[in-house]
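Line by line, the protein sequences are chains A and F.
Counting from 1, one number per residue, gives the positions in the first sequence under this note's numbering.
Counting from 435, one number per residue, gives the positions in the second sequence under this note's numbering.
Beta carbons are placed, not taken as given, at the ideal position from N, Cα and C, and that holds for glycine.
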Amino acid sequence: MFGYYLDLALRSLRRNKILTALMVLAIALGIGASMTTLTVLHVLSGDPLPGSSATLFYPQVDPRDMDGYEEGKRPPDQVTWTDGNNLLHAKRADRQALMTGGAVPVQPAQSNIDPFFSDARYTTADFFPMFKVPFLYGRPWTEAEDNGRARVVVISRKLNEKLFGGKDSTGQTLRMKDTAFQVIGVLDEWKPTPRFYDIYMQSYGSVEDVFVPLSSSRDAHLEHAGSTDCWGTGGGDGEHAETSPCTWLQFWVQLDGADKVAAYHDFLVHYSQEQKALGRFQRPVNVALPGLMQWMDINKVVPGDVRLQTWLALGFLLVCLVNTVGLMLAKFLRRAGELGVRRALGASRREVFTQLLVESGVIGLAGGLFGLLLAFVGLWLVRKQPSDYASLAHMSLGMLLVTFVLAVGATLLAGLLPAWRACQITPALQLKSQ
Amino acid sequence: MDILPILSTLRRHKTTAFLVIAEIALTCAIVCNAVFIINQRIERIHMQSGVDEQRLLHIALTNIGVTKDDKARRDEDLAALRQISGVVAVASVNEVPFGNSSSNGSIKLDPKQRLATLNATDYFGENVTQTLGTQLIAGRELQPADYMDMDQVVNAATAKEAKGVPHVVVITQNMAERLWPGQPALGKQLYMADYAFTVVGVVKELIRPSIWDDSAKSYSMVMPVRVANNEYIVRVDDPKNRERVLQAAVARLKEINPHRIVLKQHLLSNMREDFFQNDRAMAGLLVGVCVALLVVTALGIVGLGSFWVAQRRRQIGVRRALGATRANILRYFQTENFLLATIGIAVGMVLAYGINLMLMVHYELPRLPGIYFPVGAVLLWIIGQLAVLGPAMRAAAVPPVVATRSV
């Protein structure tokens, strides 16, 4: 029966090509626009570390003085050198890493490459196992190397290709800011999206090219980049960053299990009380322990424009669907005579209804196909945009399926009302009026 | 034109009429808000910076190793840059308009105040306003005697010696108006990190390097602090010399000290373009969506109009046979469309207002100005009339003889 309905649908659609084209075009435009923006939204709001993001948390304490205190405000987004190191060395979590962003002048040994500036991350040993960073060659550094202020460096695959032609470069020397570091590891392709661990750096850029132990970065006077927030007598002077009342580091912990999360929260409260007793903290105890995805939400990592575009596209799709409902209604009611004959010849209401739904399904499928094409064009246009997330706008298999489900589902939904109205036709009346 | 017969016809086609109204209402609501956002973005793109954009260059470098004699090196760089033909003024700075990197401080009017009055950016560097080309509207520019070196200021501040910290400042007109509404700012004091600064000059405008909040875009101060950050701005005599001077300047700086890396070398006009690129992209996208929406709506009206005309062929024939002219028929369909559009627009306006309220809460957009309502209405009326013209003309062409035919 389905084959027959399909045949009927195709015949009917061919009979009025302009109307059919109008309906398909409207669906395709709506689907194309929605899928483009939904894909971008999906990519940008995705989980940067599927499988382990649920165990990652971002502890916050409030070390500021009473100046500018307002009740109910969140603690600062970053930690001070003192608090970061206290929490790091307390080792109350399964894993913990203290880090900050930076930029270093790289001086290649080859004379044919000019010195250049690279983004860097100064961090501690657990960064690599905690974030499941893949290694191509070598290994991450150890806690002993952190404590020993070892002059070691882990570089990205991209930098390894640029400097060492993609060969295993472990053991080689890399000069940065007139200091020699030994390459001990090379990362494999790693692109957490968004780049969650530092909200002050580009959220959708690639990861840094250079990773250096935090302690060594201070020894070598490597420059810090990112946000520094100071209070009291604090200044943004990088050389005194260890003692200034400034927050400029990010601290991440891994906590496997809800009881550990609760225990860590208690630990943060105790720590704050202790610091307050010591006179370091002045404000009422204010701690927070958001999970990774929650932290992304709080900081509105997904650009507002992208959300706005998604709403806009969905509104557009709605208009296109209303349009399609109207056109389909017109088309179905116009065939009242034909449907009257079918009903008079014994087709039940249900059969007529199914036949009409098949027809709207065909329109939905065609609109979906064409809309997919438009979505590819749309994503290509998004990739031409200057924003930092532009290069990420690619269609995935999942989104491809969603496109079809959305297109056919929406069109079937749009076809319900016209089909229902059309099968209400009384056969006798229709035949008489002919 | 009689409206009553049209209304009674529409009452018999409730669903179709409702769909047309819904489509027009949705389109009206979305387009009103989209056009509003487009205008906001365009306004933002054309934001005044207060500086001589067409004549300014920005160069930022960084030392490879640790250096000791930064001040002497800066003076050498500045002297060399001044020698380049076409250069009018140079300054060693800490930040530049549209540079996206800035130093900011909390400003209070009373040191005992707990919450700061506003947050403003601090421009440092000797000669910075003169080089940027800001317009002084009251008081004086900062003088060489006002200036202190950055490292000494930091040391004095750490030791809490107020004497070693500058005590005069030049601020923008907008910031002055925000701090002391309706009063002259000259001679007034503001406080930053417990130190008092006296306002000695007011400039018309000087935009911040990074703008999070458009209402605070011109809260800028210039402080008499000399910096040696390897960051320079250069003003040239004629915009057409910009590229040449930029190349010459970068080459000269590298020649003086090759042990450094050029981080940035820009024309300020290009920095401005980059700064607003997201706004431009968003505005472009919204224009595209608006056009597509209006086209889809127009096509929908054409489609439904054609269907209605085809359905009422006999009715039209009867009316023609009973003496209605072609113009009568034409006007009938036009009036019908006008009625539907009017209801749609009315609903759409309410919807537009609702969407705007939501955007105000979630995207910090201002209220939709009233002018959008009449303009949006006229636009949709025109589109509706244009779209229905084709089907209506076809209806008017129906010959009276149709009435006499069965089927």
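- For A744/F, the nearest beta carbon of chain A is closer than 8 Å to its own beta carbon.
- The criterion of a C-beta distance shorter than 8 Å is not satisfied by V730/F and V656/F.
- If you draw a straight line from the Cα of I750/F to the Cα of Y389/A, it comes to about 58 Å.
- Contiguous beta strand (DSSP E) elements confined to the stretch 611 to 669 of chain F occur at 623 to 626, 629 to 637, 654 to 656, taking only those with 3 or more residues.
- Taking 8 Å as the upper bound on Cβ-Cβ separation, chain A lies near residues R548, L549, A550 of the stretch 542 to 558 of chain F.
- In this structure I437/F is exposed. Its beta-carbon is surrounded by fewer than 16 other beta-carbon atoms within 10 angstroms.
- At least 8 Å separates the CB of S396/A from every CB of chain F.
- In the same chain as R478/F, and ignoring 5 residues on each side of it, the C-beta atoms closer than 8 Å to its own belong to D648, F710, D713, in chain order.
- M201/A carries a coil assignment under DSSP once its states are collapsed to helix, strand and coil.
- A residue is called buried once 16 or more other Cβ atoms fall within 10 Å of its Cβ, and P48/A is buried on that count.
- Counting only runs of 3+ residues, the beta strand (DSSP E) found wholly inside the stretch 27 to 107 of chain A occupies 95 to 107, in chain order.
- The beta-carbon of H270/A is placed no less than 8 Å from the nearest beta-carbon of chain F.
- In this structure, the alpha-carbon of S217/A lies about 8 Å from that of E223/A.
- In the three-state reduction of the DSSP assignment, H693/F falls in the coil class, being assigned neither a helical nor a strand state.
- Check the Cα spacing between L268/A and each of I18/A, Q78/A, P284/A, P59/A: the tightest is with P59/A.
- Within the stretch 241 to 325 of chain A, the complete beta strand (DSSP E) runs of at least 3 residues fall at 250 to 254.
- No residue range can be given for S391/A, since it is assigned to no beta strand (DSSP E) and is classified by DSSP as neither H nor E.
- Secondary structure of E223/A (DSSP, three-state): strand.
- Per DSSP, T555/F lies in no alpha helix (DSSP H); the unbroken beta strand (DSSP E) holding it starts and ends at 552 to 557.
- Residue contact with chain A for Y629/F: absent (no Cβ-Cβ distance below 8 Å to any residue of chain A).
- For the stretch 565 to 585 of chain F, no residue has a beta-carbon sitting nearer than 7 Å to a beta-carbon of chain A.
- Neighbours of L329/A in chain F, taken as residues whose beta carbon is under 8 Å from its own, are T449, T450, L453 in chain order.
- The DSSP-derived three-state label of P213/A is strand.
- Between Q309/A and A715/F, the C-beta gap is not smaller than 8 Å, which leaves the two residues out of contact.
- Using a CB distance cut-off of 8 Å, T461/F counts as an interface residue toward chain A.
- With its beta carbon less than 8 Å from one in chain A, M716/F belongs to the interface.
- Around the beta-carbon of M23/A, 16 or more other beta-carbon atoms lie within 10 Å, marking it buried.
- Residue state for K674/F is assigned as helix, using DSSP reduced to three classes.
- For L738/F, the chain A residues whose Cβ falls inside 8 Å of its Cβ are G326, L327, A330, in order along the chain.
- Under the 8 Å criterion on CB atoms, P115/A is classed as interfacial with respect to chain F.
- Contacts with chain A (Cβ-Cβ distance below 7 Å) from the stretch 784 to 812 of chain F involve Y797, listed in chain order.
- Using beta-carbon distances, P386/A counts as an interface residue toward chain F, with a partner under 8 Å.
- Across the stretch 706 to 735 of chain F, CB contacts with chain A closer than 8 Å involve D708, Q711, N712, A715, M716, L719, L720, V723, A726, L727, V730, T731, L733, G734, in sequence order along the chain.
- Contact note: A456/F reaches chain A through V322, using a C-beta cutoff of 7 Å and chain order.
- Apart from sequence neighbours up to five positions away, the residues of its chain that approach I518/F with a beta-carbon distance below 7 Å are V679, A682, A683, R686, ordered along the chain.
- V634/F is not a Cβ neighbour of R676/F, given a cutoff of 8 Å.
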